[in-house]
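S.K.: Below: one structure in structure tokens.
Have a look at this one:
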């Protein structure tokens with residue numbers, strides 16, 4: 010499933026939107042590799058990127074939420090924690106079983122499904138709150 014950044018995914022916070030765009034570029038790299046039959050070669054880079062990305066990106070969002078006293082911080086942060094565990098689980102599978110087509114498909118599916126839903130439902134609510142704060 011191809012995934013492309015579109016303006017309707019903007020949450021209205023430049024720092025967050027730019028980080029989301031970076032994630033979409035990395036996902037696009039995985040899709041391009043998959044279309045060439047090289048997904049197994051790209052998966053290690055993708056998971057390493059995701060491991061670092063979730064720490065940096067979620068940390069940025071959480072810092073903003075705490076600074077602005079976002080009332081939905083706990084539920085938003087809980088979603089981040091679930092996703093961090095998902096990435097760790099996928100990385101563990103890579104480390105124990107190696108790169109496989111099944112792992113590539115799992116990563117692709119979990120990234121695409123989760124990120125779109127998270128941005129549209131959770132991050133956009135944060136963006137709306139932040140805009141109201143001025």
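Numbering (the working numbering), first residue to last: 10 to 143. All C-beta atoms in this analysis are idealised placements derived from N, C-alpha and C, irrespective of residue type, glycine included.
1) Pull up the distance between the alpha-carbon of residue 70 and that of residue 26, whole angstroms please.
2) Taking C-beta to C-beta, are residue 125 and residue 32 nearer than 8 Å?
3) Between the region 50-60 and the region 68-85, are three or more C-beta pairs nearer than 8 Å?
4) Using the Cβ count rule (16 or more neighbours within 10 Å means buried), how would you classify residue 122?
5) Is the separation between the beta-carbon of residue 96 and that of residue 36 shorter than 8 Å?
6) Can you tell me whether residue 45 is helix, strand or coil according to DSSP?
7) Does the beta-carbon distance from residue 20 to residue 133 come in below 8 Å?
8) Give the DSSP-derived three-state secondary structure of residue 97 in the structure shown.
9) Note down the Cα distance separating residue 141 from residue 82, rounded to an integer number of angstroms.
10) Could you say which of 55, 43, 131 and 62 lies nearest to residue 86 if we only look at CA atoms?
11) Looking at the unbroken alpha helix (DSSP H) that takes in residue 22, where does it start and where does it end?
M.R.: Looking at the coordinates:
1) Counted from its first residue, the chain shown places residue 70 at position 61. Counted from its first residue, the chain shown places residue 26 at position 17. Note on geometry: alpha-carbon atoms of residue 70 and residue 26 lie some 11 Å from one another.
2) Locating residue 125 in the chain shown gives position 116, counting from the first residue. Locating residue 32 in the chain shown gives position 23, counting from the first residue. Cβ distance not < 8 Å, so residue 125 and residue 32 don't count as in contact.
3) Using a C-beta cut-off of 8 Å, the region 50-60 makes no contact with the region 68-85, since fewer than three inter-stretch Cβ pairs fall below that distance.
4) The residue you call residue 122 lines up with position 113 of the chain shown. Exposed.
5) Translated into positions along the chain shown, residue 96 becomes position 87. Translated into positions along the chain shown, residue 36 becomes position 27. It is not a contact, given that the beta carbons lie outside the stated cut-off.
6) Within the chain shown, the letter at position 36 stands for residue 45. DSSP places residue 45 outside both helix and strand once states are collapsed to three, so it counts as coil.
7) On the chain shown, position 11 is the one that residue 20 refers to. On the chain shown, position 124 is the one that residue 133 refers to. A contact, by the Cβ cut-off of 8 Å.
8) By 1-based counting over the chain shown, the position of residue 97 is 88. Under the three-state reduction of DSSP, residue 97 is assigned to helix.
9) The sequence position of residue 141 within the chain shown is 132, counting from 1. The sequence position of residue 82 within the chain shown is 73, counting from 1. The C-alpha of residue 141 lies about 16 Å from the C-alpha of residue 82.
10) Stepping through the chain shown from its first residue, residue 86 is reached at position 77. The option with the nearest alpha carbon to residue 86 is 131.
11) Here residue 22 is taken as the residue at index 13 of the chain shown, counted from 1. Per DSSP, residue 22 belongs to no alpha helix (DSSP H) and is neither H nor E.
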